[in-house]
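All remarks here apply to the structure that follows.
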Ligand SMILES: [Fe+3]
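Chains as they are written, first to last, in UniProt numbering: chain A, 1 to 197; chain B, 1 to 236.
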């Protein structure tokens with residue numbers, strides 16, 4: 001037994017040269033491109049802006065995503081369904097630009113099992129870190145062109161239509177690659193639904 | 001082995017809205033959080049271990065041609081779950097200011113010198129018993145603009161993954177007896193004193209190396225309890 005867990009503290013303003021060091025001479029181990037040569041499925045981009053309570057883009061945030069492969073399987077020992085050898089790790093990390101934009105290149109995840117054996121609609125788990133946030137926030141990205149959304153048990157926990165819409169990424173028209181837009185509003189008008197996980 | 005993640009464990013964390021820390025004002029949700037059942041998406045998480053680190057990642061004093069200035073220290077400890085079981089093969093990322101209290105980050109404008117021999121970023125993976133160890137320089141305190149005469153106590157930032165997405169933790173390690181503790185809203189955002197003290201490392205003579213470096217021990221407890229406790233075998 002222990003006394004309890006170690007508490008969270010803010011990531012602060014100065015994490016980039018360690019956690020997202022693209023602009024520093026530190027070696028980068030995580031990237032915003034999750035694709036591997038062997039991964040199948042539909043290649044997609046997910047882009048968006050992280051905004052504060054004044055609607056101003058947050059330039060010192062970090063977004064992490066965790067997702068299943070196109071067959072709905074996680075690269076983790078707790079998921080014991082057989083996996084192909086695609087090398088798909090399912091994890092990505094991106095900093096925001098000075099105006100709060102982030103972008104990932106990945107593949108559309110498949111459906112994964114949910115509570116009581118009900119399948120969940122394709123989704124990506126998201127964590128948001130920033131200066132001014134004492135602990136990270138959890139949200140989820142769903143996709144507007146998935147009919148499975150209607151039966152998703154987690155989306156069903158958000159009965160308010162307008163709030164639920166903050167969890168659903170919009171497909172952008174006229175992009176060379178299929179691209180979804182998912183903005184993250186920490187506070188105020190159109191505030192994103194966040195979860196207590 | 002499966003882990004369960006009691007929700008009450010997370011009460012140790014600070015609230016996302018904390019008046020003393022000004023930047024929280026516009027960066028916390030005002031709507032209540034939606035309680036999320038722990039599905040396969042939450043009880044799984046990124047798995048990164050020894051393949052991702054290089055030996056020099058764990059010694060922040062060896063990353064440049066010369067030796068950094070400041071007081072050399074050894075930081076070690078164990079990563080545990082709430083039952084006290086070691087969390088093996090998990091990645092820790094650490095970053096910190098140099099001995100003068102200055103970060104390499106471009107946004108740090110504190111007029112203290114950069115050290116050409118110190119970047120202040122490291123990585124280390126826990127061994128089979130959940131142990132980690134890295135060598136660095138004791139970071140300096142630094143000013144910030146939160147309020148008049150605001151100084152952060154010396155600290156090292158830690159980022160850990162642990163066994164699942166629910167065990168993800170970003171925290172800060174502090175040094176024992178820091179006189180700035182009573183004045184720091186980030187440290188005091190953890191309102192429970194016992195929880196707050198779990199962020200403070202302890203000086204340790206056993207890991208201190210003669211003529212070389214002071215040892216500080218910092219154990220980290222991640223969310224998660226054993227789902228199926230083993231019955232202790234009884235001989236009698
Ligand atoms: Fe700091």
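Every residue, glycine too, gets a C-beta built ideally from N, C-alpha and C. This structure is a prediction, so every number in the text was calculated from the model and none was measured.
Report the three-state DSSP secondary structure of residue i (helix, strand or coil).
i                     : result
residue 185 (chain B) : helix
residue 214 (chain B) : strand
residue 195 (chain B) : helix
residue 48 (chain B)  : coil
residue 104 (chain B) : coil
residue 82 (chain B)  : coil
residue 236 (chain B) : For residue 236 (chain B), the predicted model reports a pLDDT of 47, less than 50, meaning its position is unreliable; a value from the coordinates is still stated below. Residue 236 (chain B): coil per DSSP, three-state reduction.
residue 134 (chain A) : coil
residue 150 (chain A) : helix
residue 175 (chain A) : coil
residue 57 (chain B)  : helix
residue 19 (chain A)  : helix
residue 169 (chain A) : strand
residue 116 (chain A) : helix
residue 240 (chain B) : This structure does not reach residue 240 (chain B), given that chain B is present from 1 up to 236, and the question cannot be answered.
residue 186 (chain A) : coil
residue 180 (chain B) : coil
residue 156 (chain A) : helix
Mind pulling the chain A residues with CB within less than 8 Å of residue i?
i                     : result
residue 238 (chain B) : Any question about residue 238 (chain B) goes unanswered here, given that chain B covers just 1 to 236.
residue 202 (chain B) : Near residue 202 (chain B) there are no residues of chain A at all, since even the closest Cβ is about 14 Å away, more than 8 Å.
Anything in chain A within Cβ reach of residue i, meaning under 9 Å, just list it in chain order.
i                     : result
residue 47 (chain B)  : 75, 76, 77, 89 and 91
residue 135 (chain B) : Ordered by position in chain A, no residue passes the 9 Å Cβ test against residue 135 (chain B), which lies about 16 Å from the chain.
Can the beta-carbon of residue i be found less than 8 Å from the beta-carbon of residue j?
i                     : j                     : result
residue 68 (chain A)  : residue 90 (chain A)  : yes
residue 167 (chain A) : residue 28 (chain B)  : no
residue 123 (chain B) : residue 92 (chain B)  : yes
residue 26 (chain B)  : residue 42 (chain A)  : no
residue 239 (chain B) : residue 130 (chain B) : What the structure shows of chain B is the stretch from 1 to 236, and residue 239 (chain B) is not part of that stretch, so it cannot be assessed.
residue 44 (chain A)  : residue 106 (chain A) : yes
residue 222 (chain B) : residue 180 (chain B) : no
residue 125 (chain B) : residue 49 (chain B)  : yes
residue 86 (chain B)  : residue 78 (chain B)  : yes
residue 188 (chain A) : residue 55 (chain A)  : yes
residue 135 (chain B) : residue 194 (chain B) : no
residue 104 (chain A) : residue 39 (chain A)  : no
Which residue comes first and which comes last in the alpha helix (DSSP H) that contains residue i?
i                     : result
residue 8 (chain A)   : Here residue 8 (chain A) belongs to no alpha helix (DSSP H), and DSSP marks it neither H nor E.
residue 160 (chain B) : Where residue 160 (chain B) is concerned, there is no enclosing alpha helix (DSSP H), although the beta strand (DSSP E) it sits in stretches over 155-160.
residue 43 (chain B)  : 40-43
residue 163 (chain A) : 161-165
Could you give the first and the last residue of the continuous beta strand (DSSP E) run that contains residue i?
i                     : result
residue 150 (chain B) : 150-152
residue 93 (chain B)  : 91-96
residue 103 (chain A) : 101-107
residue 95 (chain A)  : 91-95
residue 83 (chain A)  : No beta strand (DSSP E) holds residue 83 (chain A); DSSP gives it neither H nor E.
Taking C-beta pairs closer than 9 Å, name the residues in chain B that residue i reaches, listed in chain order.
i                     : result
residue 108 (chain A) : Those do not exist, as residue 108 (chain A) stays about 15 Å from chain B at its closest Cβ, beyond 9 Å.
Can you pull the chain A neighbours of residue i, defined as C-beta to C-beta under 7 Å?
i                     : result
residue 9 (chain B)   : 4 and 5
residue 150 (chain B) : Per Cβ cutoff of 7 Å: no residues; residue 150 (chain B) is ~13 Å from chain A at best.
residue 86 (chain B)  : Neighbours of residue 86 (chain B) on chain A: none; closest Cβ ~12 Å, over 7 Å.
Could you list which residues in chain B have their beta carbon closer than 8 Å to that of residue i, in chain order?
i                     : result
residue 52 (chain A)  : 26 and 27
residue 113 (chain A) : 39 and 40
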